[in-house]
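Visitor:
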Amino acid sequence: MKIAFATNDLIHINAHFGWAKKLAIYDVTANGFEFVETIEFSGDLKEDGNEDKLVPKIEALADCTIVYVSAIGGSAAARLIRKKVTPIKAKDEDEEIVSVLNKLVQTLNGNPPPWLRKALQQSHGIDELEDTLETEKTPA
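By the count of full-length UniProt numbering, the sequence shown reaches residue 140 at its end, each step adding exactly one.
1) Just to confirm, are Leu101 and Val28 a CB contact at a threshold of 8 Å?
2) Closer than 8 Å by C-beta to Glu93: which residues in its own chain qualify, once you throw out the five before and the five after it? Chain order, please.
3) Of all the CB atoms in chain C, is at least one closer than 8 Å to the CB of Glu59?
4) List the endpoints of the continuous alpha helix (DSSP H) containing Val85.
5) Out of curiosity, what's the CA-to-CA distance linking Asn8 and Ala20?
6) Within a Cβ cutoff of 8 Å, which residues of the same chain sit near Thr107, ignoring the five residues on either side of it in sequence?
7) When the distance is taken between beta carbons, is Arg79 closer than 8 Å to Leu54?
8) Between Ser42, Asn31, Lys57 and Lys91, which has its C-alpha nearest Ile25's C-alpha?
9) For Thr38, count neighbouring C-beta atoms within 10 Å of its own C-beta (all shown protein chains included) and say buried if the count is 16 or more, exposed if not.
10) Hey, how far is the Cα of Gly18 from the Cα of Phe41?
11) Taking 8 Å as the cut-off, decide whether the C-beta atoms of Val98 and Ala30 are in contact.
12) Just to confirm, is the Cβ distance from His16 to Ala4 under 8 Å?
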């Protein structure tokens with residue numbers, strides 16, 4: 001599954017979704033994680049009520065399951081959820097992307113909590129999810 005992080009420095013989850021100039025995208029499986037790409041945004045991204053600035057970000061996250069942010073407005077969160085992307089607020093702006101990725105891998109190797117199972121189901125479908133979790137746990 002692909003996970004996105006709203007970030008200013010590519011290390012921490014320290015950007016508000018609407019104002020983020022960078023989204024770091026990772027592919028996460030039960031076997032680990034891999035950096036995919038950084039998507040950069042330009043222009044005036046400050047809080048101004050201009051919802052149009054969200055469109056390119058939401059479109060860029062089309063194949064992501066989760067996006068971690070330092071903060072997000074209600075409208076943006078609702079739009080992401082409608083696109084089957086689950087927004088999650090970081091504990092604080094010092095939380096490191098790698099730390100969250102490692103926790104996600106550990107969780108996938110155990111029994112994912114209901115919120116993560118739901119997010120995975122939305123992105124894969126339940127049968128594919130069960131196959132993916134079992135396949136990734138089975139050593140090749």
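Where is the CB? At the ideal position from N, CA and C, for every residue including glycine.
Guide: According to the data block:
1) In the sequence shown, the residue the question calls residue 101 occupies position 101. In the sequence shown, the residue the question calls residue 28 occupies position 28. Cβ atoms of Leu101 and Val28: closer than 8 Å.
2) Counting from one through the sequence shown, the residue named residue 93 turns up at place 93. Closer than 8 Å at the Cβ level, and outside the excluded window around Glu93, lie His12, Ile13, Asn14 and Ser70.
3) Judged by its chain identifiers, the structure shown contains no chain C, having just a single protein chain.
4) By 1-based counting over the sequence shown, the position of residue 85 is 85. No alpha helix (DSSP H) holds Val85; DSSP gives it neither H nor E.
5) As a first step, residue 8 must be located in the sequence shown, where it is residue number 8. As a first step, residue 20 must be located in the sequence shown, where it is residue number 20. C-alpha separation (whole angstroms): 7 Å.
6) Mapped onto the sequence shown, residue 107 falls at position 107. Excluding positions up to five away in sequence, the list reads Pro113 and Leu116.
7) Within the sequence shown, numbered from 1, the residue matching residue 54 stands at position 54. Within the sequence shown, numbered from 1, the residue matching residue 79 stands at position 79. It is a contact, given that the beta carbons lie within the stated cut-off.
8) Looking up residue 25 in the sequence shown gives position 25. In this structure, Lys57 is the residue among Ser42, Asn31, Lys57 and Lys91 with its C-alpha nearest to the C-alpha of Ile25.
9) Position 38 of the sequence shown, counting from 1, holds the residue named residue 38. Counting Cβ neighbours within 10 Å, Thr38 comes out exposed, since fewer than 16 surround it.
10) Here residue 18 corresponds to residue number 18 of the sequence shown, with the count starting at 1. Here residue 41 corresponds to residue number 41 of the sequence shown, with the count starting at 1. Answer to the nearest angstrom: the Cα atoms are 10 Å apart.
11) Looking up residue 98 in the sequence shown gives position 98. Looking up residue 30 in the sequence shown gives position 30. No.
12) Here residue 16 corresponds to residue number 16 of the sequence shown, with the count starting at 1. Here residue 4 corresponds to residue number 4 of the sequence shown, with the count starting at 1. No, the pair does not count as a contact, with Cβ atoms beyond the cut-off.
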